[in-house]
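In the working numbering, the protein residues as written are 1273 to 1461.
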């Protein structure tokens, strides 16, 4: 009987050790993810540098289907008449950053995180290219409600687009965790 009691104690010890290892791995994962988020936030300027050309050039190529388009510095010139200035806010670096923060602030296996990140970035990039192209056409054609529509997109619909992409990712990847909260709750256990 005594031997049996010792086996139970050994099993309990092994279980506690395994639980401790899992907890340490979880803490390490959280630390790395939030360190990455901090580095992203601190390098937002690099996000703009990366996304400026991959937003600007496809937008101009799309416009080139309909008009004679040239690129001069950070501007798109349509038919030598209309100057469309692409400012940092047009690139939507903060929107990319927010999506990446949401993706990296939940526990997720690496493969799923990579696919979610690529899909989020690609979706936002395509939407942004289409948005810039459409607004450039409206501006060039003298669309009556251009200023109103531009401000509506800038202040309101950009948030809706980011939220829409996030909810799409949640549904597609069956994400049940809540950003930040899930990590905090697991640390407090």
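We put the beta carbon where it would ideally sit given N, CA and C, even for glycine. In this text the structure is predicted, and so the values were computed from the model without any measurement.
- At the C-beta level, residue 1339 and residue 1412 come within 9 Å of one another.
- With contacts defined as CB atoms closer than 9 Å, residue 1343 and residue 1349 qualify as a contacting pair.
- If the five residues before and after residue 1302 are omitted, its C-beta is found closer than 6 Å to the C-beta atoms of 1455, all from its own chain and listed in chain order.
- Three or more Cβ pairs drawn from the region 1364 to 1380 and the region 1426 to 1444 lie within less than 8 Å of each other, which places the two stretches in contact.
- Annotation for residue 1334: 1401, 1402, 1405 place their beta carbon closer than 8 Å to its own, counting only its chain and skipping 5 residues before and after.
- Around residue 1410, the same chain offers 1418 as residues with beta carbons nearer than 6 Å, after the five sequence neighbours per side are excluded.
- With a beta-carbon spacing of about 20 Å, residue 1309 and residue 1395 fall beyond the 8 Å limit used to define contacts.
- For residue 1344, the enclosing beta strand (DSSP E) starts and ends at 1341 to 1344.
- Runs of the beta strand (DSSP E) lying entirely within the region 1300 to 1387, each at least 3 residues long, are 1341 to 1344, 1347 to 1350, 1354 to 1357 in chain order.
- Per DSSP, the continuous alpha helix (DSSP H) segment holding residue 1433 begins and ends at 1430 to 1444.
- Counted as a single uninterrupted DSSP element, the stretch harbouring residue 1427 is not any alpha helix (DSSP H), since DSSP gives it neither H nor E.
- Assignment of residue 1411 by DSSP, reduced to helix, strand and coil, places it in the helix class.
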